[in-house]
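Enquirer: Protein chains in written order, with our numbering: chain A, 3 to 987; chain B, 9 to 175. We put the CB at the ideal spot given by N, CA and C, even for glycine.
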Amino acid sequence: MGMVGQSLERVEDLTLLRGGGRFADDLAEPPGCLHAAFLRAPVAHARIEAVDVSAALALPGVTTVITGADIARETKPFLSGVKVDAPQFPLAVDRVRYVGEPVAIVIARDRYRAEDALELIDVRYEPLAAVIDPEIAAGDDAPLLHNDAGHNVLHERRFRYGDPQTAFAEAAHVVETTVRYPRNSCTPIETFVVLAEHRPGEDTYEVTANFQGPYTLHTVMARALKVAGNRLRLRTPPDSGGSFGVKQAVFPYVVALGIAAKLAGRPVKWVEDRLEHLAAATSATNRVTTIRAALDGQGRITALDYDQLEDCGAYLRAPEPATLYRMHGNMTGAYQIDNLAIHNRVVVTNKTPTGLMRGFGGPQVYFALERLVDLAATRLALDPMELRRRNLIPGEAMPFTTTPGAVLDSGDYAATLAKAVREGGLEELKQRRTAARAEGRLYGIGYAAVVEPSISNMGYITTLLTPQQRQRAGAKNGALATATVSFDPSGAVTVAVSSVPQGQGHRTVLAQVVADELGIDPGDVVTVTDHDTLKDPWSIASGNYSSRFAGAVAGAAKLAAERLAKRMKAIAAPDLNVPIGDVELVDGLARSISNPDNVIALVRVAAKAHWSPLSIPEDAGAGLRETAFWVGRELREPDEQDRVNSSGAYGFIFDYCGLEVDPADGSIRIDRYVTAHDAGRLLNPALADGQIRGGFAHGLGAALLEELAYAPDGSFLSGTFADYCPPTASELPELMILHDQSPSPFTPTGAKGLGEGNCMSTPVCIANAVADAIGKPVLTLPLTRPRVLELLGESEPADPSPPRPAIITSSGNGHALKGNGSHIVPASPEEVWAVILDPDHLAALIPGCHNLERTGENAYRAEATLGAGPVKGRFTASVTLRDLDPPRALQLSGSAAGGLGTATGQGEIRLTPVEGGTRVDYFYAVLISGKVAAVGGRLLDGTARGVINQIFTRLADSSQSQTEPKTETMPSLRSRLPRWLGGAP
Amino acid sequence: MRYLTADAKHPVRFILNDQPVEGNAEPRLLLTDFLRREIGLTGTHVGCEHGVCGACTVRIDGASTRACLVYAVQAEGRSVETVERLAVNGDLNDLQRAFRRHHALQCGFCTPGILMSLSQLIDEEPTADEARVREVLSGHICRCTGYHGIIAAALDVLAERQAGRHV
Numbered sequence: 003m004g005m006v007g008q009s010l011e012r013v014e015d016l017t018l019l020r021g022g023g024r025f026a027d028d029l030a031e032p033p034g035c036l037h038a039a040f041l042r043a044p045v046a047h048a049r050i051e052a053v054d055v056s057a058a059l060a061l062p063g064v065t066t067v068i069t070g071a072d073i074a075r076e077t078k079p080f081l082s083g084v085k086v087d088a089p090q091f092p093l094a095v096d097r098v099r100y101v102g103e104p105v106a107i108v109i110a111r112d113r114y115r116a117e118d119a120l121e122l123i124d125v126r127y128e129p130l131a132a133v134i135d136p137e138i139a140a141g142d143d144a145p146l147l148h149n150d151a152g153h154n155v156l157h158e159r160r161f162r163y164g165d166p167q168t169a170f171a172e173a174a175h176v177v178e179t180t181v182r183y184p185r186n187s188c189t190p191i192e193t194f195v196v197l198a199e200h201r202p203g204e205d206t207y208e209v210t211a212n213f214q215g216p217y218t219l220h221t222v223m224a225r226a227l228k229v230a231g232n233r234l235r236l237r238t239p240p241d242s243g244g245s246f247g248v249k250q251a252v253f254p255y256v257v258a259l260g261i262a263a264k265l266a267g268r269p270v271k272w273v274e275d276r277l278e279h280l281a282a283a284t285s286a287t288n289r290v291t292t293i294r295a296a297l298d299g300q301g302r303i304t305a306l307d308y309d310q311l312e313d314c315g316a317y318l319r320a321p322e323p324a325t326l327y328r329m330h331g332n333m334t335g336a337y338q339i340d341n342l343a344i345h346n347r348v349v350v351t352n353k354t355p356t357g358l359m360r361g362f363g364g365p366q367v368y369f370a371l372e373r374l375v376d377l378a379a380t381r382l383a384l385d386p387m388e389l390r391r392r393n394l395i396p397g398e399a400m401p402f403t404t405t406p407g408a409v410l411d412s413g414d415y416a417a418t419l420a421k422a423v424r425e426g427g428l429e430e431l432k433q434r435r436t437a438a439r440a441e442g443r444l445y446g447i448g449y450a451a452v453v454e455p456s457i458s459n460m461g462y463i464t465t466l467l468t469p470q471q472r473q474r475a476g477a478k479n480g481a482l483a484t485a486t487v488s489f490d491p492s493g494a495v496t497v498a499v500s501s502v503p504q505g506q507g508h509r510t511v512l513a514q515v516v517a518d519e520l521g522i523d524p525g526d527v528v529t530v531t532d533h534d535t536l537k538d539p540w541s542i543a544s545g546n547y548s549s550r551f552a553g554a555v556a557g558a559a560k561l562a563a564e565r566l567a568k569r570m571k572a573i574a575a576p577d578l579n580v581p582i583g584d585v586e587l588v589d590g591l592a593r594s595i596s597n598p599d600n601v602i603a604l605v606r607v608a609a610k611a612h613w614s615p616l617s618i619p620e621d622a623g624a625g626l627r628e629t630a631f632w633v634g635r636e637l638r639e640p641d642e643q644d645r646v647n648s649s650g651a652y653g654f655i656f657d658y659c660g661l662e663v664d665p666a667d668g669s670i671r672i673d674r675y676v677t678a679h680d681a682g683r684l685l686n687p688a689l690a691d692g693q694i695r696g697g698f699a700h701g702l703g704a705a706l707l708e709e710l711a712y713a714p715d716g717s718f719l720s721g722t723f724a725d726y727c728p729p730t731a732s733e734l735p736e737l738m739i740l741h742d743q744s745p746s747p748f749t750p751t752g753a754k755g756l757g758e759g760n761c762m763s764t765p766v767c768i769a770n771a772v773a774d775a776i777g778k779p780v781l782t783l784p785l786t787r788p789r790v791l792e793l794l795g796e797s798e799p800a801d802p803s804p805p806r807p808a809i810i811t812s813s814g815n816g817h818a819l820k821g822n823g824s825h826i827v828p829a830s831p832e833e834v835w836a837v838i839l840d841p842d843h844l845a846a847l848i849p850g851c852h853n854l855e856r857t858g859e860n861a862y863r864a865e866a867t868l869g870a871g872p873v874k875g876r877f878t879a880s881v882t883l884r885d886l887d888p889p890r891a892l893q894l895s896g897s898a899a900g901g902l903g904t905a906t907g908q909g910e911i912r913l914t915p916v917e918g919g920t921r922v923d924y925f926y927a928v929l930i931s932g933k934v935a936a937v938g939g940r941l942l943d944g945t946a947r948g949v950i951n952q953i954f955t956r957l958a959d960s961s962q963s964q965t966e967p968k969t970e971t972m973p974s975l976r977s978r979l980p981r982w983l984g985g986a987p
Numbered sequence: 009m010r011y012l013t014a015d016a017k018h019p020v021r022f023i024l025n026d027q028p029v030e031g032n033a034e035p036r037l038l039l040t041d042f043l044r045r046e047i048g049l050t051g052t053h054v055g056c057e058h059g060v061c062g063a064c065t066v067r068i069d070g071a072s073t074r075a076c077l078v079y080a081v082q083a084e085g086r087s088v089e090t091v092e093r094l095a096v097n098g099d100l101n102d103l104q105r106a107f108r109r110h111h112a113l114q115c116g117f118c119t120p121g122i123l124m125s126l127s128q129l130i131d132e133e134p135t136a137d138e139a140r141v142r143e144v145l146s147g148h149i150c151r152c153t154g155y156h157g158i159i160a161a162a163l164d165v166l167a168e169r170q171a172g173r174h175v
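The structure is reproduced here in structure tokens:
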């Protein structure tokens, strides 16, 4: 029996389970290796007026500080998919355009020291208006991100297939909706790692990075470094701690670290931290889609019209705007729809640049399309599943060319849907819904039908060009994959591929594929998964993305192994004394088919080829190594009508789920989730299910939990895993997986990709079920508890203690911090007043205060180090006192700035004589942005309370020491401390 | 209590995977960095450095602990176990074998921390049920597997040990 199709245990696990993986940060560092840390923008949009690095450079252990000026001199801006005047460098040059944008690099003997020095860099920013809403950014009077581009909309194209206008005019029904897909990210647990060396003699860069491809970006990196491709030697480590598309976005750091190594004259390493990753690595695009469908009286969709506004963040970073075009050929989903209109716009906003992300373009498209199908069903009073069934592309039509040009390779969608309904127990869910509703509970069922593309056509992105522009630029097409299979002199088989696995089990599956072709035990095959651009075969499409492994990469390995098998047979045939056609490879033997006793061990055949190359048939060739390139013949460039077969293979998914919404707290309990896939031939079913479960977890996170959130001023609010919440084992329901297997006629293995599908189907399936449960449209995600309550018409409980005065009426900008309280201090109001107005005395009361000086009448400047949650930093604050009414009241206002961000605020203090001393009442309202808002938002209120309590504790202690005689007549201050500490509101 | 100066390196000695180890650490050096960079055991991974993802989990005197939230100097005199301790005489232990059997890992980056937490659970709560396994596992983020295989593996080992088939 063949090994392909069996659920073999993974060879990878033997090492990984022992902690023996070789991830990027586990590899040996060269002698003298230095470590880098990045200074990042605390504000979303500002002009950089000055950068003073002198104090940082003076810190012992710091060797080099690199700023935008260095980068502008040493590099060229990155190429992107659209030719516009919006250049991006790996460091901000004269302007920052998103929170977290790199501004400077410190290189020091260790990371701790480098981070110390970040605090000492003084950057003067001139703030500019920020825009984070794509619809506002697309307006003509919005703040401009790139002045030379002249507009924030950097790309716009309209497409028309068939005659949508007539179809809409003649439609029995037209339905329309506008949905907003949010920003999220798959956040691999291993962050970016880059280790760079520069060899000045030959101006060559050698970089190891956990890059995942596509290797189109190698060209982008080499160009930015101003060297030919062969002078950027890029290596990837043997293991990668997940990627899901994300590690495409390490590429700007490859360039940054290359320059760092060059300027430092030493190897330099950088390991991204989690805050950097969440704030500034990459994101899925957020997209606003207005979608319309025309339907006839029978519920057949006759036309679709998309208006897509794609938000790519602050820069169009390669390969963007690919997210918008990846689905182009299959924009009609799983349905036969003859007329289609698409209006695409790409806008820049003051947010992190976007990039590859599991599902890439699919979640955004299907959230619109499959929500619309549900709305259409409601309008036509049809069962949503029935409406889908009526529109599915019929199985007998396969391979089927869609209206925008995808060649759907295989599948019987209706059969897979029927199987899901039958085996997943849909009827049972419907009964549960009926029963739940009878009890007044909110139970809903949602569906999603999805075509899952895999193996991206390297030419799909050129659909954004006009046919004339494409003609000038030259055709781009195909999806080159490469694999090398060899027998060594001992007869052992090694496989190497130009893919960079991130946990998918490539080594196991390649061993299965190659073992079948060569008639050997997969356990004897060794697969190499680290890659070196100078020594290993590769091409632009290389890498691990667009679910291209099972079809394209394993396919190339199959082709290479087939060729090698043919040559092994040619070498063995004379020794077996039979014609080549009578030789088969099985159980480690070359064997005569007609006389199975006539055998020769493959080990001997291989040894002969190496030791006696003159003794083997000439047509068997020399050297037992085969490198195969698989092209993807069906992947033509877009045609003159803008039709494009954007992917090499297309799977089908039908999902449904039953869930219940709790109106008390807005929580969602998923009762059952069924996902039925047809991804062609399954090479290793257990690994396939693992991919589906992983994709489902990402889809569930996107539906319910995950959002990279920004305040309207561009402050980033999701800087930790406590703010950005990937699902844990407590949130994930059981998943029922069903399979059909309609082999792809277009891939060598018959396999299609399947790891991304549930990122496309699950968010909208859950949204549809919630809409069904609550009877209201769901137009954005994630469906967090507050959002569900909002949909139900229930707001969050009002803040029980609104600040007095209400300076901040909304928490729209950054993080709003507000509070009030009162403390009894065992001293007279006059004494307390004197302390508050005495800089030296006051400085001693403020925790972490280094320096406090009077800068004018009632004006002070303070330097202090404060921490909130995981971050700590130095601030410089300016405070002005007003309306002084000694010794009764004063108002204060001020601002603070530091490496962690900025704050502005106001407050009031009132002193009232009471028995035993003075009651100090205070209130404050502060707006905070920057890093501290991103990572400490949840903790700031508690932190502020802690700081204030410390101030009063010290005030009490100091009053006690100043007013020694009184203490005898007063209760012990220490005994009152606990009450104070808990005493704030 | 030892008095440590911030700028100096201080000797740190503890038992690591049954063997005494020593090295030098500034007071602010995290245990993760000490294990990985000073000792050279890279099985303990760093995923968030703020105590949420759980990838860096080790056991200190038997208790699962985020090594990213512990300073190396705090390990002084303690017994620390990392993922490298789990294999028995070079062979995967029962939990590791169950992970492989149930495809409980993909990229394997979060796995060492999860193995350490589940090891403590299995050692200390032999009758733990699925809800308890999920609860313990909620202290970890795995982005690859959806946790299905991990839960199955843990339950499998709990059942095996209950049945006395522990190797």
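In chain order, what are the residue ranges of uninterrupted beta strand (DSSP E) at least 3 long that sit wholly in the segment 464–542 of chain A?
Expert: Complete beta strand (DSSP E) runs here, min 3: 483–489, 495–499, 527–530.
Enquirer: Where are the beta strand (DSSP E) runs, 3 residues long or more, that stay fully inside the segment 561–634 of chain A, in chain order?
Expert: Taking only runs of at least 3 residues, the beta strand (DSSP E) segments lying wholly in the segment 561–634 of chain A are 585–588, 591–594, 601–603, 627–632.
Enquirer: What is the DSSP secondary structure of A286 of chain A, reduced to helix, strand or coil?
Expert: In this structure, A286 of chain A counts as coil in the three-state DSSP scheme.
Enquirer: Kindly list, in the order they appear in chain A, the residues whose Cβ is closer than 9 Å to that of L145 of chain B.
Expert: What L145 of chain B touches in chain A: T730, A731, S732.
Enquirer: Just reading off the beta strand (DSSP E) that A110 of chain A is part of, what are its end residues?
Expert: 104–110 is the extent of the beta strand (DSSP E) around A110 of chain A.
Enquirer: With 16 as the cutoff for other CB atoms within 10 Å, does R806 of chain A come out buried or exposed?
Expert: Because R806 of chain A carries a pLDDT of 35, less than 50, the predicted location of this residue cannot be relied on, and no value is offered for it.
Enquirer: Output the boundary residues of the alpha helix (DSSP H) element that contains D72 of chain A.
Expert: That run of the alpha helix (DSSP H) goes 70–76.
Enquirer: With 7 Å as the threshold, decide whether the Cβ of G102 of chain A is near any Cβ in chain B.
Expert: Chain B, which has no Cβ nearer than 7 Å to the Cβ of G102 of chain A, makes this no.
Enquirer: Should I138 of chain A be counted as a contact of the ligand PLP given a C-beta to heavy atom distance under 6 Å?
Expert: The ligand PLP is not part of the structure shown, which contains no ligands of any sort.
Enquirer: Residue ranges of each beta strand (DSSP E) run of no fewer than 3 residues wholly in the segment 94–165 of chain A, ordered along the chain?
Expert: Runs of the beta strand (DSSP E) inside the segment 94–165 of chain A: 104–110, 124–129, 155–163.
Enquirer: For a test of the three-state rule: what should DSSP assign to R49 of chain A, helix, strand or coil?
Expert: It is a strand residue.
Enquirer: Just mark S594 of chain A as buried or exposed, buried being the case when its beta carbon has 16 or more other beta carbons within 10 Å.
Expert: When all chains shown are included, S594 of chain A counts as buried.
Enquirer: Would you mind working out which of A:P386, A:G476, A:R392 sits nearest K432 of chain A, comparing C-alpha positions?
Expert: Out of A:P386, A:G476, A:R392, A:P386 has the C-alpha closest to the C-alpha of K432 of chain A.
Enquirer: Just checking my contact of C118 of chain B with G62 of chain B at CB under 8 Å: how many whole Å lie between their CB atoms?
Expert: Yes, they are in contact, since the Cβ atoms of C118 of chain B and G62 of chain B sit about 7 Å apart, within 8 Å.
Enquirer: Distance, Cα to Cα, L983 of chain A vs G948 of chain A?
Expert: Per-residue confidence for L983 of chain A stands at a pLDDT of 39, beneath the threshold of 50, marking its modelled position as unreliable; the derived number appears in the next sentence. The alpha-carbon atoms of L983 of chain A and G948 of chain A are separated by roughly 8 Å.
Enquirer: With a CB to CB cut of under 6 Å and the five nearest residues on each side skipped, what residues in its chain are close to T722 of chain A?
Expert: These residues qualify, in order along the chain: V937.
Enquirer: To the nearest angstrom, how far is it from the Cα of G869 of chain A to the Cα of R635 of chain A?
Expert: Going from the Cα of G869 of chain A to the Cα of R635 of chain A covers about 58 Å.
Enquirer: Determine the extent of the alpha helix (DSSP H) in which K421 of chain A is found, giving its start and end residues.
Expert: Looking at the DSSP string, the run of the alpha helix (DSSP H) that includes K421 of chain A is 415–426.
Enquirer: List the endpoints of the continuous beta strand (DSSP E) containing D309 of chain A.
Expert: First-last of the beta strand (DSSP E) with D309 of chain A: 303–313.
Enquirer: Decide if the segment 284–303 of chain A is in contact with the segment 217–231 of chain A; the criterion is three or more beta carbon pairs, one per stretch, under 8 Å apart.
Expert: No, because fewer than three Cβ pairs between the segment 284–303 of chain A and the segment 217–231 of chain A fall closer than 8 Å, the two stretches do not touch.
Enquirer: Nearest chain A C-beta to I149 of chain B closer than 7 Å, yes or no?
Expert: With 7 Å as the cut-off, I149 of chain B counts as an interface residue toward chain A.
Enquirer: Is there contact between the segment 472–483 of chain A and the segment 652–668 of chain A, where contact requires at least three CB pairs shorter than 8 Å?
Expert: Flag = no, the segment 472–483 of chain A and the segment 652–668 of chain A do not touch.
Enquirer: First and last residue of the beta strand (DSSP E) that includes S87 of chain B?
Expert: Here the beta strand (DSSP E) through S87 of chain B covers 87–89.
Enquirer: Using beta carbons (cut-off 7 Å, strictly below), is V175 of chain B in contact with chain A?
Expert: Because V175 of chain B carries a pLDDT of 49, less than 50, the predicted location of this residue cannot be relied on, and the following value inherits that uncertainty. No, because no Cβ of chain A sits closer than 7 Å to the Cβ of V175 of chain B.
Enquirer: Considering Cα atoms alone, identify which of A:A57, A:T180, A:G215, A:L410 is closest to F369 of chain A.
Expert: Comparing Cα positions, the closest option is A:T180.
Enquirer: In three-state terms, what does DSSP make of F877 of chain A?
Expert: Correct three-state label for F877 of chain A: strand.
Enquirer: Output needed in chain order: residues of the segment 90–116 of chain B with a Cβ under 8 Å from some Cβ in chain A.
Expert: Within the segment 90–116 of chain B, the residues whose Cβ lies closer than 8 Å to some Cβ of chain A are T90, V91, E92, L94, A95, L100, Q104, F107, R108, R109, H111, L113, Q114, C115, G116, listed in chain order.
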